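Step one of this worksheet: look at the structure below.
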Amino acid sequence: MKSPAFVKPVSWLYALFLVLSLSACNSCQAQKQPKEAGAYTTKTPHRDGIGKVYMGREIAGVMSASGGAWLERDSRQEEENVALAIEHMELLPNSVVADIGAGTGYYTFRIAPKVPEGKVYAVDVQDAFISALNKRKEQLALSNVEVVKGGNQRINLPDNTLDLAIMVDVYHELEYPQEMLQAIHKALKPGGKLLLLEYRAEDPSIPIKELHKMSTSQINKELTVNGYRLYKQNGFLPIQHFLMYQKVAD
């Protein structure tokens, strides 16, 4: 029979070994846990980019609020057929929609009358746009529009709130696309949808800067790895992709 003096040190060493092993495993898991780790690389910036690369695509520079007049240009309806895009959004009277990167609210204030029993969140990060959105909301007396100050990694909306989120010529400028896609995913209801309108990179005749256009293949690549499946794709718009994705359950 082994003496207690021998058994006790062995038990203590074994316990210490288990603690150290578990600590090492937890450390490894902590290092692997963040999905965003290593998602981005850097390069010498293109003249229209920020030098940050996501899944092989350099992220474009953000259009400042000084470009707001371009968003409200008289020719926009004819150039982009905004009314047709809204018609294909599958809106219901009680739909809850988020216009992310709303800018001047060109889409926000055209969608709001389509959802009289619902709501439109106009989300933007630039203070000048936030002020303009609030002013326009007051002028139009729309009670179903709520202006929200977002962030570069969050949209500041509750989980499981949205039937539809839209980004109109915005996604290619997101500084943290992966984090934003995940934030939108959380805010969408089960089966909720995300619509991206982006100028077609496949068409060199479209007079938009290179980094401010996107290809269908690139968009699909980025969306599918972040919890979305392609729900509807149409080529009916003159110069933009209409790509609607559905939230995949966690």
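Taken in order, the sequence shown gives residues -30 to -1, 1 to 220; the numbers are from mature numbering (1 follows the signal peptide of the UniProt record, and there is no 0).
Glycine included, C-beta positions come from ideal geometry on N, C-alpha and C.
Values in this document were obtained by computation on a predicted structure and should not be read as measured data.
Item                                                                                                                    : Value
Euclidean distance between Cα positions of residue 193 and residue 89                                                   : 25 Å
Own chain partners of residue 152 with C-beta closer than 7 Å, once the 5 adjacent residues on each side are dropped    : 196
Buried versus exposed, by CB contacts within 10 Å (16 or more), residue 218                                             : exposed
Residues that residue 211 bridges to, as DSSP identifies them                                                           : 168
Buried or exposed by the 16-neighbour rule on C-beta atoms within 10 Å, applied to residue 210                          : buried
Rounded distance between the beta-carbons of residue 188 and residue 46, thought under 8 Å                              : Their Cβ separation, rounded to whole angstroms, is 24 Å, which puts residue 46 and residue 188 out of contact at 8 Å.
Identified DSSP bridge partners for residue 204                                                                         : 212
Coarse secondary structure for residue 74, derived from DSSP in three states                                            : coil
Close-in-space but distant-in-sequence residues of the same chain around residue 203 (CB under 6 Å, 5 per side omitted) : 213
Under 8 Å between C-beta atoms of residue 156 and residue 173                                                           : no
Residue environment, residue 227, which counts as buried when at least 16 other CB atoms sit within 10 Å                : The question about residue 227 has no answer, for the chain in this structure spans -30 to 220.
Proximity to residue 69 [Cα-Cα], best of 105, 115, 98, 111                                                              : 115
Residue 209 CB to nearest heavy atom of the ligand ZN below 7 Å                                                         : This structure does not include the ligand ZN; it has no bound ligands of any sort.
Local conformation of residue 63 per DSSP, three classes                                                                : coil
Residue burial classification, residue 170 (beta-carbon count within 10 angstroms, cutoff 16)                           : buried
Top-ranked residue by Cα proximity to residue 185, from 139, 101, 117                                                   : 139
Sub-8 Å separation of residue 73 and residue 137 beta-carbons                                                           : no
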